[in-house]
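These notes concern the structure reproduced below.
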């Protein structure tokens, strides 16, 4: 399971990070989201908001990095991240994460869905250049993130390439990053199925959605691939991966 705690960052062009007031005004018309309270940075700078809390679907989330205080830590950018926008290397971040009272349930589906929804609702703030789902180190275009998350919330397909990522394994296979946050296991596509990267990506997307509904794989199952081919899904020896091979 991913060791990174659930969090999502929005990167803003230089000088565009919003204040707590701007966030509250932007979200004011969205049913189910409201400002909970704003905390101060401390005695040395009592006017600077260190943390703002928002309620989304009755769950409390912290937002850190709001102006005029210092930005949130900037997420690491993967070498395979392809996001359009201004110079992302000079963008600054705000980060949304489950509130302290959700510490024991921050990996539960309602919490993750609400956090993604809250981030999607912020993507049309002025100056947003990228969205980073930190558990997968997945960088997305703001418009794509909003569209995919809104569709998912409305019972659409799991937005695999927004909330998970794929990386090559040393032996030529592919493995996912971030899927374990949702289903308790990541995906491992064996090398013979990963030779055609486009086909392997389509297969991964289909299985992301399947596993999002199905949950953990504890014994070998047989499923049909995108072209009707027979595939086997088997738990790895340590149960941390679902291994995908030809049936």
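Numbering (the numbering used here), first residue to last: 327 to 573.
C-beta: ideal position from N, C-alpha, C; glycine also.
Excluding sequence positions up to five away, which residues of its chain have a Cβ less than 8 Å from the Cβ of residue 534? Cβ neighbours of residue 534 within its own chain (closer than 8 Å, five residues either side excluded): 484, 486, 490, 502, 505 and 513.
With DSSP collapsed to three states, give me the class of residue 340. If DSSP states are grouped into helix, strand and coil, residue 340 belongs with coil.
Output the distance between the C-alpha atoms of residue 354 and residue 447, rounded to the nearest integer angstrom. 11 Å
Would a C-beta distance cut-off of 8 Å place residue 343 and residue 401 closer than the cut-off? In this structure, residue 401 does not lie closer than 8 Å to residue 343 by Cβ.
What does DSSP give as the partner residues of residue 561 in its beta bridges? 568
For the structure I just gave you, are there three or more beta carbon pairs, one from the segment 435–453 and one from the segment 332–340, closer than 8 Å? yes
In three-state DSSP terms, what is residue 460? helix
Using the C-alpha atoms, what's the distance from residue 561 back to residue 473? When rounded, the distance between both Cα atoms is 32 Å.
Residue environment, residue 468, which counts as buried when at least 16 other CB atoms sit within 10 Å: Counting Cβ neighbours within 10 Å, residue 468 comes out buried, since at least 16 surround it.
Helix, strand or coil, according to DSSP, for residue 476 in the structure here? helix
Can you give me the start and stop residues for the alpha helix (DSSP H) that residue 540 sits inside? 523–540
Which partner residues does residue 491 have in the DSSP bridge list? 503
Separation of residue 500 from residue 555, as counted between CA atoms: 18 Å
Chain-order list of residues whose beta-carbon lies under 7 Å from that of residue 494 (same chain, five-residue window excluded): 500
For residue 544, the three-state DSSP class (helix, strand or coil): coil
Would you list the one or two residues that DSSP bridges to residue 465? 458
For residue 437, I'd like the list of residues in its chain whose CB is within less than 8 Å of its CB, leaving aside the five on either flank, ordered along the chain. 332, 385, 424, 428 and 431
Check residue 437 in the structure and name its three-state DSSP category. Helix, per DSSP.
Taking the Cβ atom as the reference point for each residue, do residue 557 and residue 549 lie within a distance shorter than 8 Å? yes
Beta-carbon proximity check, residue 492 vs residue 527, cutoff 8 Å: yes
Can you list, in chain order, the residues of its chain whose CB lies under 8 Å from that of residue 559, leaving out five sequence neighbours each side? 533, 543, 546, 547, 548, 549, 568, 569 and 570
Cβ distance (whole Å) where residue 381 is taken to contact residue 351 below 8 Å: Their Cβ separation, rounded to whole angstroms, is 16 Å, which puts residue 381 and residue 351 out of contact at 8 Å.
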